[in-house]
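Student: Quick one: this structure, given as structure tokens, is what I'll be asking you about.
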Amino acid sequence: MKTQRIHIMQTPAIIWGAPSEKVYLYIHGQGGYKEEAEAFAGIACRHSCQVLSIDLPGHGERKPEAGSFVPWHVVPELLSVMRYIRLHWPHVSLCANSIGAWFSLLGLESRWLEECLMVSPVPNMERLILNMMAQADVSEERLKREQVIRTSFGQTLSWEYLTYTRTHPVTRWEAPTYILYGGADNLIERSAVDRFTRQFNCSLTILEHGGHWFHTKERLDFLYHWMEACLQNG
Numbered sequence: 012m013k014t015q016r017i018h019i020m021q022t023p024a025i026i027w028g029a030p031s032e033k034v035y036l037y038i039h040g041q042g043g044y045k046e047e048a049e050a051f052a053g054i055a056c057r058h059s060c061q062v063l064s065i066d067l068p069g070h071g072e073r074k075p076e077a078g079s080f081v082p083w084h085v086v087p088e089l090l091s092v093m094r095y096i097r098l099h100w101p102h103v104s105l106c107a108n109s110i111g112a113w114f115s116l117l118g119l120e121s122r123w124l125e126e127c128l129m130v131s132p133v134p135n136m137e138r139l140i141l142n143m144m145a146q147a148d149v150s151e152e153r154l155k156r157e158q159v160i161r162t163s164f165g166q167t168l169s170w171e172y173l174t175y176t177r178t179h180p181v182t183r184w185e186a187p188t189y190i191l192y193g194g195a196d197n198l199i200e201r202s203a204v205d206r207f208t209r210q211f212n213c214s215l216t217i218l219e220h221g222g223h224w225f226h227t228k229e230r231l232d233f234l235y236h237w238m239e240a241c242l243q244n245g
């Protein structure tokens, strides 16, 4: 498969596949990187599409930028990436994972997207943060007072981040969207995914015994079959 490594301003990216008028922007989740798009790109290329994958701040080639993996840095960057894409491809779609899907909901003009695939998306970040606060036994008053609290399970709670989610709710999403969700996801509540699906008329597929991360062979096989089916229907 043909690949081309480029930079879109400060953002390292890979373009996968032979020239085409159709492209999928691939947005990884926490701990991901642009090279992980290879499997999806192999599927997309069979459907005469290219894929453009990027490293978000703090990931891949940008690990020293870990402090910038926050929406007020990521969202403007995604807008710049989308401006680049629209200059080079007339038909644009999206494939996004986990928190990458939430960043996309905030940072992309859905009216320009022809199709969206979301894997284990975070549809309501405020709800997720409140759940982590409850798990860590941290009250809003304490978080507001201390501003940043590191939890025992490895996540950092931030009052600034929580405030951002409340002032930037997702209220509009127009693109035809397919969602894959693991029924045993212990990070994202099923009710939040169901609510988002109803609100924005999405297509929802559930792997009942799947978790948040699709890493095992069985789950990856299901994921790739689902991706193939979405591209065939698109």
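Residues 12 to 245 (the numbering used here) are what the sequence shown spells out, left to right.
Virtual Cβ for every residue (Gly too), placed ideally from N, Cα, C.
Note that this is a predicted model, so its numbers are computed, not measured.
#1: So, using beta-carbon positions, are I190 and L139 closer together than 9 Å?
#2: Nearest to R94 by alpha carbon, out of A50, L124 and P75?
#3: With respect to the beta strand (DSSP E) encompassing W123, which residues constitute its N-terminal and C-terminal limits?
#4: Is the region 115-134 touching the region 64-77, taking contact as three or more C-beta pairs under 8 Å?
#5: With H, G and I counted as helix, E and B as strand and the rest as coil, what does DSSP make of S79?
#6: Taking the CB atoms as reference points, tell me whether V92 and Q61 lie closer together than 9 Å.
#7: Would you say I65 and Y37 are within 9 Å of each other, going by their C-beta atoms?
#8: Just to confirm, is the Cβ distance from N108 to H39 under 9 Å?
#9: May I have the straight-line CA-CA distance separating H70 from K45, to the nearest angstrom?
#10: Among D196, Y235, F211 and A52, which one has its Cα closest to the Cα of Q15?
#11: Terminal residues of the continuous alpha helix (DSSP H) containing G9?
#12: By Cβ distance below 7 Å, which residues in the same chain neighbour R97 in space, the five residues on each side in sequence not counted?
#13: Work out the CA separation of G221 and E239 for me, nearest whole Å.
#14: Where T167 and I160 are concerned, what is the direct C-alpha to C-alpha distance, given to the nearest angstrom?
#15: Looking at F207 and L218, is the spacing between their C-beta atoms short of 9 Å?
Tutor: Let's see:
#1: Stepping through the sequence shown from its first residue, residue 190 is reached at position 179. Stepping through the sequence shown from its first residue, residue 139 is reached at position 128. No, the Cβ-Cβ distance between I190 and L139 is not below 9 Å.
#2: As a working mapping, residue 94 is identified with position 83 in the sequence shown. Minimum Cα distance to R94 is reached at L124.
#3: Taking the first residue of the sequence shown as position 1, residue 123 is located at position 112. Careful: W123 lies outside any beta strand (DSSP E) and carries neither H nor E.
#4: no
#5: Position 68 of the sequence shown, counting from 1, holds the residue named residue 79. Note: S79 maps to helix in three-state DSSP.
#6: Reading the sequence shown from its first residue, position 81 is the one you call residue 92. Reading the sequence shown from its first residue, position 50 is the one you call residue 61. Their beta carbons are not under 9 Å apart, which means V92 does not touch Q61 by this criterion.
#7: Translated into the one-based positions of the sequence shown, residue 65 becomes position 54. Translated into the one-based positions of the sequence shown, residue 37 becomes position 26. Cβ atoms of I65 and Y37: closer than 9 Å.
#8: In the sequence shown, residue 108 corresponds to position 97, counting from 1. In the sequence shown, residue 39 corresponds to position 28, counting from 1. Taking 9 Å as the Cβ cut-off, N108 and H39 qualify as a contacting pair.
#9: What you label residue 70 is simply residue 59 of the sequence shown in a count that begins at 1. What you label residue 45 is simply residue 34 of the sequence shown in a count that begins at 1. So the two alpha carbons sit approximately 9 Å from each other.
#10: Along the sequence shown, read from residue 1 onward, the residue named residue 15 stands at position 4. Among D196, Y235, F211 and A52, the Cα nearest to that of Q15 is on A52.
#11: Given that the chain is displayed from residue 12 to residue 245, the structure contains no residue 9 and the question cannot be resolved.
#12: Locating residue 97 in the sequence shown gives position 86, counting from the first residue. If we look at R97 and ignore the five residues flanking it on each side, its Cβ neighbours are V103 and W123.
#13: The sequence position of residue 239 within the sequence shown is 228, counting from 1. The sequence position of residue 221 within the sequence shown is 210, counting from 1. Rounded to the nearest angstrom, the two C-alpha atoms are 18 Å apart.
#14: On the sequence shown, residue 167 is found 156 positions in, with the first residue counted as 1. On the sequence shown, residue 160 is found 149 positions in, with the first residue counted as 1. Going by the C-alpha atoms only, they are around 6 Å apart.
#15: Your numbering for residue 218 matches position 207 in the sequence shown. Your numbering for residue 207 matches position 196 in the sequence shown. No.
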